[in-house]
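> Everything in the sequence shown is counted per our numbering, starting at 1 for the first residue and increasing by one. Just so it is clear, CB atoms sit at the ideal spot from N, CA and C, and this is done for glycine as well. Please read these numbers as outputs of a predicted model, since none were measured by experiment.
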Amino acid sequence: YRHWNAWVEGKRQHIFVMPIDGGDALNITPGDRDAVPTSSTFSAGDDFAFSPDGKEIAYTATPTENEAWNTNHDIYTVSTDGKNRTQITTNPATDGYPRYSKDGKYIAYRAQRQPSFEADKWELMLYDRASGKIECITEKFDSWVQTFVWTSDCSKIYFPAEENANQQIFSVSLKDRRITRIVDGGVNGDINISADGKIIYFSKHTMSRPIEIYSSSSDGKNVKKITTTNDKLFEQITLNLPESITFTGAEGATVQSWIIKPPHFDTNKKYPMVFLVHGGPQGAWENGWHYRWNPQLWAAQGYVVMAPNPRGSTGFGQKFVNDISHDWGGKVFIDLMNGVDYAEKLPYINKDRMAAAGASYGGYMMNWFANHTGKFKTIITHASIYNFYSMYGTTEEVWFNEWEHDGTPWDNPEAYDKFSPHKYAKDFLKYKTPMLIVHNELDYRVPVTEGMQLFTTLQRMGIESKFLYFPDEGHGVLKPQNSELWHKTVFEWLNKYLSK
1 YRHWNAWVEG KRQHIFVMPI DGGDALNITP GDRDAVPTSS TFSAGDDFAF
51 SPDGKEIAYT ATPTENEAWN TNHDIYTVST DGKNRTQITT NPATDGYPRY
101 SKDGKYIAYR AQRQPSFEAD KWELMLYDRA SGKIECITEK FDSWVQTFVW
151 TSDCSKIYFP AEENANQQIF SVSLKDRRIT RIVDGGVNGD INISADGKII
201 YFSKHTMSRP IEIYSSSSDG KNVKKITTTN DKLFEQITLN LPESITFTGA
251 EGATVQSWII KPPHFDTNKK YPMVFLVHGG PQGAWENGWH YRWNPQLWAA
301 QGYVVMAPNP RGSTGFGQKF VNDISHDWGG KVFIDLMNGV DYAEKLPYIN
351 KDRMAAAGAS YGGYMMNWFA NHTGKFKTII THASIYNFYS MYGTTEEVWF
401 NEWEHDGTPW DNPEAYDKFS PHKYAKDFLK YKTPMLIVHN ELDYRVPVTE
451 GMQLFTTLQR MGIESKFLYF PDEGHGVLKP QNSELWHKTV FEWLNKYLSK
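#1: Taking the beta strand (DSSP E) that ILE245 falls in, what are its first and last residues?
#2: Spatial neighbours of GLN13 within its chain, please: C-beta separation below 7 angstroms, excluding the five flanking residues on both sides.
#3: With distances taken between CB atoms, is the gap from ASN309 to TRP285 smaller than 7 angstroms?
#4: Quick one: residues in its chain with C-beta nearer than 6 angstroms to the C-beta of CYS136, no 5 flanking neighbours on either side, listed in chain order?
#5: Excluding the five sequence neighbours on either side, which residues of its own chain have a C-beta within less than 6 angstroms of the C-beta of THR72, listed in chain order?
#6: Considering only DSSP beta bridges, list what TRP493 is partnered with.
#7: Which whole-angstrom value describes the C-beta separation of VAL438 and HIS475, a residue pair presumed to lie in contact below a C-beta threshold of 8 angstroms?
#8: Can you give me the Cβ contacts of GLU9 inside the same chain, cut-off strictly under 6 angstroms, excluding the 5 residues immediately before and after it?
#9: Please state whether the Cβ-Cβ distance between ASP142 and GLN256 is less than 7 angstroms.
#10: Take every Cβ of the region 380-394, pair it with every Cβ of the region 450-458, and state whether three or more of those distances are shorter than 8 angstroms.
#11: Using the Cα positions of TRP150 and LYS221, report the straight-line distance between them to the nearest angstrom.
#12: Return the CA-CA distance between LYS432 and PHE369, expressed in angstroms with no decimal places.
#13: Please specify which runs of the alpha helix (DSSP H), each continuous and at least 4 residues long, are wholly inside the region 123-172, giving them in chain order.
#14: For ALA300, which residues of its own chain have a beta-carbon under 8 angstroms away from its beta-carbon, when the five flanking residues on both sides are left out?
#15: Around the C-beta of MET306, are 16 or more other C-beta atoms found within 10 angstroms, so that it is buried, or is it exposed?
#16: Enumerate in chain order the residues of its own chain whose CB-to-CB distance from PRO242 is below 6 angstroms, with the five nearest sequence positions on each side excluded.
#17: Can you check whether the CB of GLY363 is closer than 7 angstroms to the CB of THR381?
#18: If you check the beta carbons only, do HIS95 and CYS154 fall under 7 angstroms apart?
#19: Nearest by alpha-carbon distance to ASP219: which of ILE28, MET435, ILE179 is it?
#20: Tell me whether the beta-carbon of ASP74 lies closer than 7 angstroms to the beta-carbon of THR89.
#21: Return the chain-ordered ranges of every beta strand (DSSP E) run that is complete within the region 179-237 and spans a minimum of 3 residues.
#22: What did DSSP end up calling LYS466 once you bin it into helix, strand or coil?
#23: If you drop the 5 nearest sequence neighbours on each side, which residues of the same chain put their C-beta closer than 6 angstroms to that of VAL17?
#24: Is it true that the CB of ILE107 sits closer than 7 angstroms to the CB of TYR100?
#25: Let me check understanding here. Comparing Cα to Cα, which of PRO160, LEU233, ASP196, GLY312 lies closest to SER203?
#26: Please identify the residue among VAL304, GLY329, LYS105, GLN282 whose C-alpha is closest to the C-alpha of PHE509.
#27: I'd like to check one pair, ASN188 with GLN167: are the Cβ atoms closer than 7 angstroms?
#28: What residues match up with ILE28 in a beta bridge as DSSP calls it?
#29: From the DSSP output, in three-state form, read off GLU9 for me.
#30: Tell me, please, whether the CB atom of GLY104 is closer than 7 angstroms to any CB atom in chain C?
#31: Pick out whichever of TYR1, PHE376, ALA359 has its Cα sitting closest to the Cα of MET273.
#32: Give the secondary structure of HIS326 by DSSP, where H, G and I count as helix, E and B as strand, and everything else as coil.
#33: From this set, PHE265, ALA165, ILE157, which residue's C-alpha is nearest LYS531's C-alpha?
#34: Please tell me whether PHE48 and ILE20 are closer than 7 angstroms, where the distance is taken between their beta carbons.
#35: Please state whether DSSP places GLN282 in a helix, a strand or coil.
#36: If you draw a straight line from the C-alpha of PHE470 to the C-alpha of ASN440, how long is it?
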């Protein structure tokens, strides 16, 4: 089978142990099953850990069968001699990222409760090694627990989690389960704690600064920037800080968005706007530095950038995340159009010179825009879904489509019809919006045929369109030379329509 951007050619990923001073490597997880997920969808990093005494390993194993429509990852323990293997979780959804407490009494791990739903809430679970009891310790915390770190005295666990378009650092007390925000602002992560437990070290980046290393006291006070890797470079660069705004979405919901203004912004001028829709759909435009779709780079072309977090966005409570499933072009479309209406009323926006762009789910929404609104002078769609039926039959994560559209195409064709852009192809002719389509050969998540179908349709209708194709890229464009061509093509296309 294939996954993400490569074929898995009869190989499995196993854990091997060998003496530090050399010797033979022992396969302690034999069999036809991956030990440690290869999928970035469910893997939070190194999905295995040694017990404090070095005699045991806890690890995450992928589903035993039907991996394309099964998300049942489980946690096992195994002695370092390969014996005494035990399954410690029986949850039908995903369990992962096991970590031993320093005293060896517990294994903490992350878990989801809903099978086949990649965007279910990630809870922090505690497994008592003596009794086998499992407890959720973040039940009342309405966000996703990311990677986490134990304190040396085993009294707390520190973890990052999204909150209102930032990723904050929190701690949870094992004594009373109280959760405390420790560090906020920007995207914080990669937590480490000093041996005495008094200092935490972490990475931080924002929309206006790339990643650096910081420290603070264990309560979040006395934050200090340790590295200055990019300071001299940024002395040569002019950019504006992002502005966080809110507007009213469908059914009265509050929707957050970022606005990024171009360098040397003049309040007396009107600027073209680019409206960026994020992917996922369960994701977010965070206050972080992006290396592929960097809003600052788009703003540097002379555009005001609006990056909204509509229905489905993470970090605004699990209900907000859930609201997009089975409703891809429904309430979220209203959220986004209300965001455009908000932007049009800003005194510095030229509402006659607006464009929209997005990738993955964001690309899907571009296709939906193209046959549902004439607001934009041009649209850029990257790695987009055009036809829900062909997407179901060619993607490598079948469970994703079955959850998002509430079943299979043969059991629930109405759901696949309702929000599939290809069903509204004739409406492209209502607006005739020029489109740049980007799709890559090695994209097995949203196969290249989705982009080809869209391009063929637009060409046959005589609508101005261009197809940018990378034979050696997957869902994103990562190779430096390809990235350079991608940005050059995208910005030239935007300038062609927004400079008029």
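On the basis of the coordinates in this document:
#1: 243-248
#2: ASP34, ALA35, VAL36, THR38
#3: yes
#4: GLU123, MET125
#5: Checking the sequence, you will find Asn at residue 72 rather than Thr. Counting only Cβ-Cβ distances below 6 angstroms, and skipping sequence neighbours, we find PRO63, PRO92.
#6: Note: TRP493 sits in no beta bridge, so no partner.
#7: Actually they do not touch by this definition, with Cβ atoms about 11 angstroms apart.
#8: none
#9: no
#10: yes
#11: 19 angstroms
#12: 11 angstroms
#13: none
#14: LEU239, PRO262, PRO263
#15: buried
#16: MET207, TRP258, ILE260
#17: yes
#18: As written in the sequence, residue 95 is Asp, which differs from the His given in the question. No, the pair does not count as a contact, with Cβ atoms beyond the cut-off.
#19: ILE179
#20: yes
#21: 179-183, 187-193, 199-206, 209-217
#22: strand
#23: LEU26, ILE28, THR80
#24: yes
#25: PRO160
#26: A query on residue 509 cannot be resolved here, the shown segment of the chain reaching from 1 to 500 and no further.
#27: yes
#28: In the DSSP output, where bridge partners are listed per residue, ILE28 has none listed.
#29: coil
#30: Looking at the structure shown, chain C is missing, and only one protein chain is on hand.
#31: PHE376
#32: coil
#33: Not covered by the structure: residue 531. The range shown for the chain is 1 to 500.
#34: no
#35: coil
#36: 5 angstroms
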